[in-house]
Amino acid sequence: MTRISVKVDGTAYEDEVEPRLLLVHYLRDHLGLTGTPIGCDTSNCGACTVDLDGETVKSCSVLAVQADGSEVTTIQGLAHDGEWHALQKAFHERHALQCGYCTPGMIMAARDLLRENPAPGPQEVREALEGNLCRCTGYQNIVRAVLAASGQEVSS
Amino acid sequence: MTTTQERPVGFGRMPRKEDARFVRGHGTYVDDVRLPGMLYGAILRSPLAHARILSVDTSAAEAHPKVKAVITGQTLAGLGLAWMPTLSYDTQAVLATDKVRFQGQEVAFVVAEDRYAARDALELIDVEYEPLPPVVDARRALDPDAPVIRDDKEHQTDNHIFDWSAGDKERTDEVFAGADVVVAQDMLYPRVHPAPLETCGTVADMDAITGKLTVWSTSQAPHAHRTIYAMVAGIPEHKIRIISPDIGGGFGNKVGIYPGYVCAVVGSIVTGKPVKWVEDRSENLMSTSFARDYHMHGEIAATRDGKIRGLRVQVIADHGAFNATAQPTQFPAGFFGVFTGSYDLAAAYCGVTGVYTNKAPGGVAYACSFRVTEAVYLVERMVDRLADELGMDPAELRMRNLLRPGQFPYRTQTGWEYDSGDYPRALRLAMDMAHYEDLRHEQAERRERGELMGIGVSFFTEAVGAGPRKHMDILGLGMADGAELRVHPTGKAVLRISVQTQGQGHETTFAQIVAEELGIPPDDIEVVHGDTDQTPFGLGTYGSRSTPVSGAAAAVVARKVRERARLVASAMLEVNPDDLEWEKGRWFVAGDPDQGRTMAEIALAAHSNLELPEGVEGHLDASCVYNPPNLTFPFGAYICVADVDAATGQVKVRRFVAVDDCGNRINPMIVEGQVHGGLADGLGMALMQVIAFDEDGNCLGGSFMDYLLPTSVECPSWELGETVTPSPHHPIGAKGVGESATVGSPAAVVNAVVDALKPLGVRHVDMPLTPAAVWRAAQGRPLRTDLAIT
């Protein structure tokens, strides 16, 4: 067992964990932060995407011990004082989610894109989200939502 | 966020009520459920496709300090649970006892304190196998020397499951004998997998004190699951509660009961603790319900001037090792009988033979509407083959042969009665949106330059909303659905439904149906689903049946409440009920609109000391069971534009135009989202998805490394159009739509790619149209895409 201290969505945690414990299981099973789901076992789907010290990572492919001393932001840390993040609002208004399972990772990946490129074009959005699979939406409304959240005019 | 005032009171583009929890990570999916003392299960799976089990040694696993139980086939056999019934009246091994019949089959179940320990313990189980030759090629499954897979079944001496046919064979043969033109084509609809982003899982909690079993489960049909658990495990049905919480997509994958669910229940009984089992992706792809796997031989007959006369089809259906296909009892090939499509034929016949192979069970899944995907793909490919043979434009050939609006309700040659349709209008709209003539000109120019550009057309008629209970049941359970509506004293309402959303937005749209009927704002209507203790019986969500069946039930139950409200209002206003007229949300006195009562006022009065007319019970609620008189038959016209790189075989879908007609649209925003998702499914199936097998029966599509799903980059920006042809028999004129795009789009993509390859002499390529498959077809050496044997 290894001792780790990590800050998640603004709250500091200290834990003893097995070195092999995946970050996603640490978040879900140890901290009860179940907003970050698991969709695959080969690092393809991106459902588990979180922010680790400003970098977007697939938390199924990071060990919890690697997050020692780090700051993690999950989907559950995006809204502040009940006010939704612009992406959360845009996803709702543009119907960019259906079952909601890819949504946390999708929003976290889109957040990363908009930090680096505040006014992306549609193709740039598509390429930025290539690591996030969605089975419900056919992506179109997700692209529209990300463009809308970036403050750009979106047709239709 | 929009306010209630801006939202429609009824049908319209209402943003979803579900989103508030999902966008903040506050949904509750099965793996989010945590119960006190909960243990974790994991399944040991067969590495071989076909082998006798000589021994299973679990002693080392049992000695693991965190392991609480190890369950084997022998354990289950002692409980009479080693085998379970399937939705096709076959049996399926829960945990293998005699032999394994597909790679990935369930052999043992470990229950441990955490999921890591459970997986560790799997490594400690020692199984001794004696390998047997596997049956991999469905087309060889009935060979006299093929090994018999189901030697567990008495009287089963080969791998034959069923023969089923529809239509008039003799008459069809006559039509073919007299036809000017006959075109034949073999085609495979390959085995694919619905691959919902959330895999299957369950948390089983048997309370030894109360004797009550609670099962949180990824179930599209929780009531059916409850009944089946009662039948299988002998637990009284009132002591079983199934809860389908939020489900991360189903797509038909989560209709049936899987061995993991049963093992978790047994694990909970054995340990006295709740047991969670959640499969990983590779387990999901290798062992849960696959889709398609139809080897089809199609023939189409026509006159020289392009009048389609007949269709004749023979199918070998690969059902895997256990026939667990989900469909109504009388329909072993689902609704494949709608293969006559959108055309007026003189005769049609199809025969389907189901066979066992050493593969995972399934067949009906992935938005197939009970094999309508296969039916539509067949007919739409055949029409394109005919157009090529006649030298006619495929859109023109379709336009000439489509059923006309005046022919509805139309009875097909295989006995289906299509409810309504205006097909030429939809096709014309799609062609206008695509600028079809311009596309053909562009194609001619590109062909001059040696470029490969294809235009694919698909016109489909769906068959959704199973179904009339007289003809349709699953395991003897009639396919009618219940609904219960209760208006509280303050005018807020709760609607309880028997269907189960997996992302299709039922919590929003069902509230809109009631809102439309009663004038109560949708935000004031709570839609309850998924908990069998809290909802009326019904068969769940699949086959795009929610709107046709349960949506009808919601409208009918709301109308019952509206009639009760009329009686209460008449007592309040001291007038005859016949003197009252309805406007949305309010009963008022005919000729005196100021004299009226709103639903909220009526609701309070219904619960008060107001004296009600004789026979009126008070309160404001109703229930109903809706037994649909027929299916609904939505339709659509799709046009795909694809470019093919001749050097590499790579296909790029440049444009995709989709016109859908599902009758009246409850929430157009949600319909469009359903269509977008289905189009992506169709594109994925056409271009990249397949679960293939090698000659040893190894599954070659068992992870997202090999089983490819379209990303945002492969999907084009979808161009949608709509026409509205209501279903005449449905209370609100609405048809199902969820699966339409998955059903209609693969043929459009394949037709486009084959159209592009036409200058190279290619007439057909089997899906998936990977660069390898396309390149090989262009070389005149087509791939057999289902087998990794060249």
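One line per chain: the protein sequences are D and A, in this order.
My numbering runs 28 ahead of the 1-based position in the first sequence.
My numbering runs 1257 ahead of the 1-based position in the second sequence.
Where is the CB? At the ideal position from N, CA and C, for every residue including glycine.
1. Taking the beta strand (DSSP E) that Cys1520(A) belongs to, which residues open and close that run?
2. Can you pull the chain A neighbours of Cys73(D), defined as C-beta to C-beta under 7 Å?
3. Would a check of beta-carbon distances place Ser1969(A) closer than 8 Å to chain D?
4. I think Pro1805(A) touches Leu1888(A), with their Cβ atoms under 8 Å apart; what is that distance to the nearest whole Å?
5. Is it true that the stretch 1975-1985 of chain A meets the stretch 1638-1656 of chain A, where meeting means three or more beta-carbon pairs spaced less than 8 Å apart?
6. Less than 8 Å between the C-beta atoms of Met136(D) and Thr39(D), yes or no?
7. Provide the residue span of the alpha helix (DSSP H) that contains Tyr1202(A), from first to last.
8. What residue range is occupied by the uninterrupted beta strand (DSSP E) comprising Met1656(A)?
9. Taking only the alpha-carbon atoms, compute the straight-line gap between Glu44(D) and Tyr54(D) and give it to the nearest angstrom.
10. Using a C-beta to C-beta distance shorter than 8 Å, which residues of chain D count as neighbours of Trp1975(A)?
11. In terms of residue numbering, what span does the alpha helix (DSSP H) encompassing Gln1571(A) cover?
12. Pro148(D) CB to nearest chain A CB: under 8 Å?
13. Compute the Euclidean distance between the alpha carbons of Leu1542(A) and His1692(A), then round it to the nearest angstrom.
14. Looking at C-alpha atoms only, which residue of Ala1374(A), Phe1366(A) and Arg1753(A) is the closest neighbour of Thr1789(A)?
15. Going by C-alpha to C-alpha distance, which of Ile1557(A), Ala1350(A), Pro1451(A) and Ile1492(A) sits closest to Thr1471(A)?
16. Just list the beta strand (DSSP E) runs in the stretch 1441-1472 of chain A, keeping only unbroken ones of 3 residues or longer that don't cross its boundaries, in chain order.
17. Is Glu1275(A) close to chain D, meaning its C-beta is less than 8 Å from at least one C-beta of that chain?
18. What are the residues in the stretch 56-90 of chain D lying within 9 Å of chain A by C-beta distance?
19. Just to confirm, are Asn1924(A) and Arg1270(A) a CB contact at a threshold of 8 Å?
20. Since I believe Val1916(A) is in contact with Ala1683(A) (beta carbons under 8 Å), could you give me their beta-carbon distance rounded to a whole number of angstroms?
21. Compare the Cα-Cα distances from Glu46(D) to each of Pro150(D), Val52(D) and Met29(D) and report the closest residue.
22. By a C-beta neighbour count over all protein chains shown, 10 Å radius and 16 as the cutoff for buried, is Val1970(A) buried or exposed?
23. Judging by CA-CA distance, which residue of Ser89(D), Cys130(D) and Gln116(D) is the nearest neighbour of Val174(D)?
24. Under a Cβ-count criterion, where at least 16 other Cβ atoms within 10 Å of its own Cβ denotes burial, should Ala1299(A) be classed as buried or exposed?
25. Using a Cβ-Cβ cutoff of less than 7 Å, which residues in the same chain neighbour Leu1305(A) once the five nearest sequence positions on both sides are dropped?
26. Sort out for me which residues DSSP pairs Ile1300(A) with in a bridge.
27. Could you tell me which of Met1729(A), Ser1803(A), Ala1308(A) and Val1744(A) sits nearest to Gln1759(A), measuring between CA atoms?
28. Check the C-beta distance from Val100(D) over to Lys35(D) and give it rounded, since I have them as a contact under 8 Å.
29. Does the beta carbon of Leu157(D) come closer than 8 Å to any beta carbon on chain B?
30. Contact criterion: CB-CB distance below 8 Å. Does Ile1504(A) meet it with respect to chain D?
31. To which residues does DSSP link Ile1328(A) through a beta bridge?
32. Could you name the residues of the same chain whose beta carbon sits closer than 7 Å to that of Ala2009(A), not counting the 5 residues immediately before and after it, in chain order?
33. If we call anything under 8 Å between Cβ atoms a contact, is Pro1447(A) one with Thr2027(A)?
34. Please classify Leu1796(A) as buried or exposed, where buried requires at least 16 other C-beta atoms within 10 Å of its C-beta.
35. DSSP beta-bridge partners for Arg1753(A)?
36. Report the three-state DSSP secondary structure of Val1432(A) (helix, strand or coil).
On the basis of the supplied data:
1. It is not in any beta strand (DSSP E) - Cys1520(A) instead sits in the alpha helix (DSSP H) that spans Pro1516 to Thr1528.
2. By Cβ distance, chain A contributes Leu1454 and Phe1961.
3. So, interface residue.
4. Sure, about 7 Å apart at Cβ, within 8 Å.
5. Contact fails between the stretch 1975-1985 of chain A and the stretch 1638-1656 of chain A, because fewer than three Cβ pairs, one in each stretch, are under 8 Å apart.
6. No. Outside cutoff.
7. For chain A, the structure presents residues 1258 to 2047; residue 1202(A) sits outside this window and is missing.
8. Met1656(A): not part of any beta strand (DSSP E); member of the alpha helix (DSSP H) spanning Pro1651 to Asn1658, first to last residue.
9. Looking at the two C-alpha atoms, the distance is approximately 10 Å.
10. Chain D residues near Trp1975(A): Gly166 and Gln168.
11. For Gln1571(A), no alpha helix (DSSP H) run applies; the uninterrupted beta strand (DSSP E) run containing it begins and ends at Ile1565 to Asp1575, by DSSP.
12. With its beta carbon at least 8 Å from every one in chain A, Pro148(D) lies outside the interface.
13. Rounded to the nearest angstrom, the two C-alpha atoms are 40 Å apart.
14. The shortest Cα separation from Thr1789(A) among Ala1374(A), Phe1366(A) and Arg1753(A) belongs to Arg1753(A).
15. Of the residues Ile1557(A), Ala1350(A), Pro1451(A) and Ile1492(A), the one whose Cα lies closest to the Cα of Thr1471(A) is Ile1492(A).
16. Runs found: 1458-1464.
17. Using a CB distance cut-off of 8 Å, Glu1275(A) counts as an interface residue toward chain D.
18. Taking 9 Å as the Cβ-Cβ cut-off, the stretch 56-90 of chain D approaches chain A at Arg56, Asp57, Gly60, Leu61, Thr62, Gly63, Thr64, Pro65, Ile66, Gly67, Cys68, Asp69, Thr70, Ser71, Asn72, Cys73 and Ala75, given in chain order.
19. At the C-beta level, Asn1924(A) and Arg1270(A) come within 8 Å of one another.
20. So it is a contact: roughly 5 Å between Cβ atoms.
21. Residue nearest to Glu46(D) within the set Pro150(D), Val52(D) and Met29(D) is Met29(D) (criterion: CA-CA distance).
22. Val1970(A) should be labelled exposed.
23. Of Ser89(D), Cys130(D) and Gln116(D), the residue nearest in Cα terms is Gln116(D).
24. The residue is buried, with at least 16 neighbouring Cβ atoms inside 10 Å.
25. Within the same chain, Leu1305(A) has close Cβ partners Val1357, Gln1360, Tyr1386 and Pro1388.
26. Answer is Phe1366(A).
27. It is Ser1803(A) whose Cα lies nearest to the Cα of Gln1759(A).
28. 7 Å between Cβ atoms; contact.
29. Reference to chain B is not applicable here, since the protein chains of this structure are D and A.
30. Yes, its Cβ sits closer than 8 Å to a Cβ of chain D.
31. Its beta-bridge partners are Phe1366(A).
32. A distance below 7 Å between beta-carbons, with the five flanking residues on each side excluded, links Ala2009(A) to the following residues of its chain, in chain order: Gly1711, Ile1712, Gly1713, Cys1897, Val1898 and Ala1899.
33. In this structure, Thr2027(A) does not lie closer than 8 Å to Pro1447(A) by Cβ.
34. By the 10 Å Cβ count, Leu1796(A) comes out buried.
35. Answer is Glu1741(A) and Val1785(A).
36. Residue state, collapsed to three classes: helix.
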